[in-house]
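Numbering (the working numbering), first residue to last: 601 to 807. Heads up, the beta-carbon is just placed ideally off N, CA and C, and yes, glycines get one too. All values derive from a computational prediction rather than experimental measurement. Inspection log for the structure reproduced underneath, given as structure tokens.
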């Protein structure tokens, strides 16, 4: 198989305020600028339509916080239906189509972020345990973190308790699924150099 036909899936996850989206976009830009063929995927775009409907419904029903509605059992079932029949096919087919066309994929967030989000909000969605096994398995998965004070400065809407909880959940998720931890407290050039080195190695290993 020729070098140009090799494709990989790279996912970038991490805490709010750690710079994962910024680094995903920059990574995509620099990889293509270096001559590699990468497509950019925003995982959150697949979840946003249902999230929008949920927030509107919560407002109509008088919930001050949409998460209170999400914690109800019927919403867990509805989330499961959406994930099975909308989220899963769009994500799986989208990745497969890009790779069939010869593009590797950089995903801004992935299923790991959704698992952390549901867990942190106390939302029970029955099908989520299956997703890491049935979705396309990443060749490289990075999880970004940063110092608590830096996250709070970037995301002042979050409390210190929320930041600590999220950092703990991402640490547990990284250990459970073998994600590679990256600290964005390091200079950007150091972060990008590490990412590119890992990506080049993954491309070399790709069949």
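- The closest CA to that of residue 777, considering only 641, 682, 737 and 652, is found on 737.
- Burial state of residue 764 is exposed, judged by a 10 Å Cβ sphere holding fewer than 16 other Cβ atoms.
- Taking 8 angstroms as the cut-off, the Cβ atoms of residue 671 and residue 725 do not count as close.
- In the three-state reduction of the DSSP assignment, residue 673 falls in the helix class.
- Bounds of the alpha helix (DSSP H) holding residue 645 are 644-660.
- Comparing alpha-carbon positions, the option among 730, 641 and 787 lying closest to residue 624 turns out to be 641.
- Counting along the chain, the unbroken beta strand (DSSP E) around residue 611 starts and ends at 609-614.
- Partner residues in a beta bridge of residue 785, as assigned by DSSP, do not exist.
- By alpha-carbon distance to residue 704, the top candidate from 629, 783 and 770 is 629.
- Only buried fits residue 741, as 16 or more other CB atoms lie within 10 angstroms of its CB.
- Residue 634 sits exposed, since fewer than 16 C-beta atoms from the chains shown fall within 10 Å of its C-beta.
- A buried status is given to residue 746, since no fewer than 16 other beta-carbon atoms sit within 10 Å of its beta-carbon.
- In this model, residue 789 and residue 682 are separated by some 39 angstroms (Cα to Cα).
- Per DSSP, the unbroken alpha helix (DSSP H) holding residue 693 starts and ends at 688-700.
- A distance below 8 angstroms separates the beta carbons of residue 751 and residue 615.
- Pairing residue 654 with residue 771, the inter-Cα distance amounts to about 28 angstroms.
- According to the DSSP assignment, residue 744 belongs to the beta strand (DSSP E) that extends over 740-745.
- Membership of residue 704 in the beta strand (DSSP E) is indicated by the continuous run 704-708.
- With a beta-carbon spacing of about 5 angstroms, residue 667 and residue 721 fall inside the 8 angstroms limit used to define contacts.
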